[in-house]
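S.K.:
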Amino acid sequence: MEHHALCQHIKNYNEHGVYDMKKIILTSLSALAVSAALVPTVAIAHGYVAGQFPSRVNLCHSDNGSKNDCASASYDRQSLEAPKGFPATGPVDGKIASAQKGGSFDVLDLQSSNQWYKTKIQAGLNDFHWFSTANHKTTDYVYYITKPDWDQNAPLTRASFDLANPFCVIDMDGQQPLKNLGNPHSCNVPARSGYQVILSVWTIDDTANAFYNVIDVEFEDGVTPPPLPDVWQQSTTITPQADLVVGDKVKARFFDSSVGSFTRETTIEINSAANGQKNTWSYNLATAINANQTDAQAGSKSDNDMFTPVYGNNPIYLKTDSNLSSVEVDIIKAEVPVDDSISVLGLKDEYVIDNNAVDITFSIEAVGNLNVTNTIFDANNNAIASESKNVNDTVEHFTISLNNATAGIFKLVSIANSNDNSNLSLQESNNFKILAADIPGDCQDIQAIDISKQYQPGNEVSYQGNVYRAERWTDVGRTPDTQYSGWVLIGSCE
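Heads up: the sequence shown begins at 509 in this note's numbering, then just goes up one per residue.
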């Protein structure tokens, strides 16, 4: 590993690892590396991301405005540790932020566009810091970022991140990092827009584990790059966590986005104790997928797109030019324990605006004593309305009224917290549409738009069978169906 003498910004940090620029000095990284080699190697590695871009769990420990009551997850913030080998191994989908620690750490896996405090960031070179409470021989540090079109209101999964292109890899080759904040990683962050999540994985060289921290950031002036032309894209991973018994089944279901449903599946049945061993049934399911599917393959992927099932974790890949968009792997057992859960019932696919307002009606079925908060997000991931109720082993009806409603696609995010177990949190997300109401008559009484004119707020015009209202002074030369034209659709002519 080469080292250079660099003029670096040396920062002061409080006990929480929060960034505070003080002065600039000339530091020799070579000298620091020699000092690190003198540190004993028997310490157990622990740490978290601090500095200018602190991690989610680190912000839970501080008082700088984290939006979620997550202090219970921060007292052991240096221990978000899980098996190494990500993305093939490591924490399961939906538990990446908590490193699948469970208990009080589950709150870290809650995910929506307004759930977490976000640190401002710009594309290009940025310094990231792992605060090492105990240094240890290290393989590398790897940084991933969410895809441009990731779902901000769904739990983090491998599919959320651009795993094929980690934007920063710091190869340590088994060396020890410096303790505390002496390990800046200068990384070229790719261009993005708005809210994104960075996942940093610190892999320990001489143990079986790695540390996982997520960082919530808000790009100030990023742009969305075009998607990468990959033939195969990883969707999920067959992660065998338990042995199965004879009669159990494992099913992989493939979601076809062109019809909006699961149209294909591959199922294996456990017919012997040997085939029920967790690593064996994972291998058998991957083998069955490769034999029965053409647009999906499983196993270890080679550079020339060959797939080899392994005894252990098997990633599932989908062809990017197919209609398949996601995969679910289900274990079907004879007896399933009843756990706390929520289900959204009666949510319609579409609601129609009436007198500039609309009532979104639905019910929540709860198993357990839960406090349920339902929040509606618009297409720009802005929370526009919310309602909370206690639901205790029953079905509770909800009505969320939206005034000055506009047509579009919306998302209902339902988050339930147990009134009996403070460590339990559940989440369900559902999309629905709001449609503009029909305007009585045939639009003869409404003036057709003249795009050479500028209209003031409140003016109404007709255009191609629809009625629009000006939200602001409109732009000359732009039709109402043009993005950012200043017009909002209020209905269509009967």
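Beta carbons are placed, not taken as given, at the ideal position from N, Cα and C, and that holds for glycine. Quick caveat: nothing in here was measured; it's all calculated off a predicted structure.
Can the beta-carbon of A915 be found closer than 7 Å to that of N622?
M.R.: Their beta carbons are not under 7 Å apart, which means A915 does not touch N622 by this criterion.
S.K.: Pick helix, strand or coil for C1001, following the three-state DSSP scheme.
M.R.: strand
S.K.: Are the stretch 872-880 and the stretch 797-805 in contact at 8 Å, needing three or more beta carbon pairs?
M.R.: no
S.K.: Quick check on this structure: which residue in P562, N931, G593 has the alpha carbon closest to the alpha carbon of T711?
M.R.: G593
S.K.: The alpha helix (DSSP H) spanning T795 covers which residue range?
M.R.: 786-800
S.K.: In the DSSP assignment, find the alpha helix (DSSP H) that holds R1015 and state where it starts and stops.
M.R.: Because the chain is modelled from 509 through 1002, residue 1015 falls outside the range shown and cannot be assessed.
S.K.: Does R980 come out as helix, strand or coil in the three-state DSSP assignment?
M.R.: coil
S.K.: DSSP beta-bridge partners for R761?
M.R.: E773, E836
S.K.: Just the C-alpha distance for G999 and G632, rounded to the nearest angstrom, thanks.
M.R.: 45 Å
S.K.: Under three-state DSSP, which class holds A782?
M.R.: coil
S.K.: Excluding the 5 residues flanking I678 on each side, which residues of the same chain have their C-beta closer than 7 Å to its C-beta?
M.R.: D648, Y649, H693
S.K.: Would you check if there are 3 or more beta carbon pairs closer than 8 Å linking the stretch 756-770 to the stretch 830-842?
M.R.: yes
S.K.: Considering only the beta carbon of each residue, do N822 and A806 sit closer than 7 Å?
M.R.: The answer is yes: Cβ separation under 7 Å.
S.K.: Cα separation between K626 and I706?
M.R.: 11 Å
S.K.: I'd like the ranges of any beta strand (DSSP E) spanning at least 3 consecutive residues and lying wholly in the stretch 913-983.
M.R.: 916-926, 933-943, 945-947, 968-971, 974-978
S.K.: Can you give me the C-alpha to C-alpha distance between Y720 and N779, rounded to a whole angstrom?
M.R.: CA-CA distance, Y720 to N779, rounds to 37 Å.
S.K.: Nearest-angstrom Cα distance between I629 and V725?
M.R.: Looking at the two C-alpha atoms, the distance is approximately 6 Å.
S.K.: Apply the 10 Å Cβ neighbour rule to G559 and answer buried if 16 or more other Cβ atoms are within range, or exposed otherwise.
M.R.: buried
S.K.: What is the rounded straight-line gap between the Cα of L855 and the Cα of S922?
M.R.: 12 Å
S.K.: Going by the beta-carbon positions, is the gap between A782 and P817 smaller than 7 Å?
M.R.: no
S.K.: Where do the N-terminal and C-terminal ends of the beta strand (DSSP E) with N879 fall, by residue?
M.R.: 877-885
S.K.: A750 by DSSP, collapsed to three states: which one?
M.R.: coil
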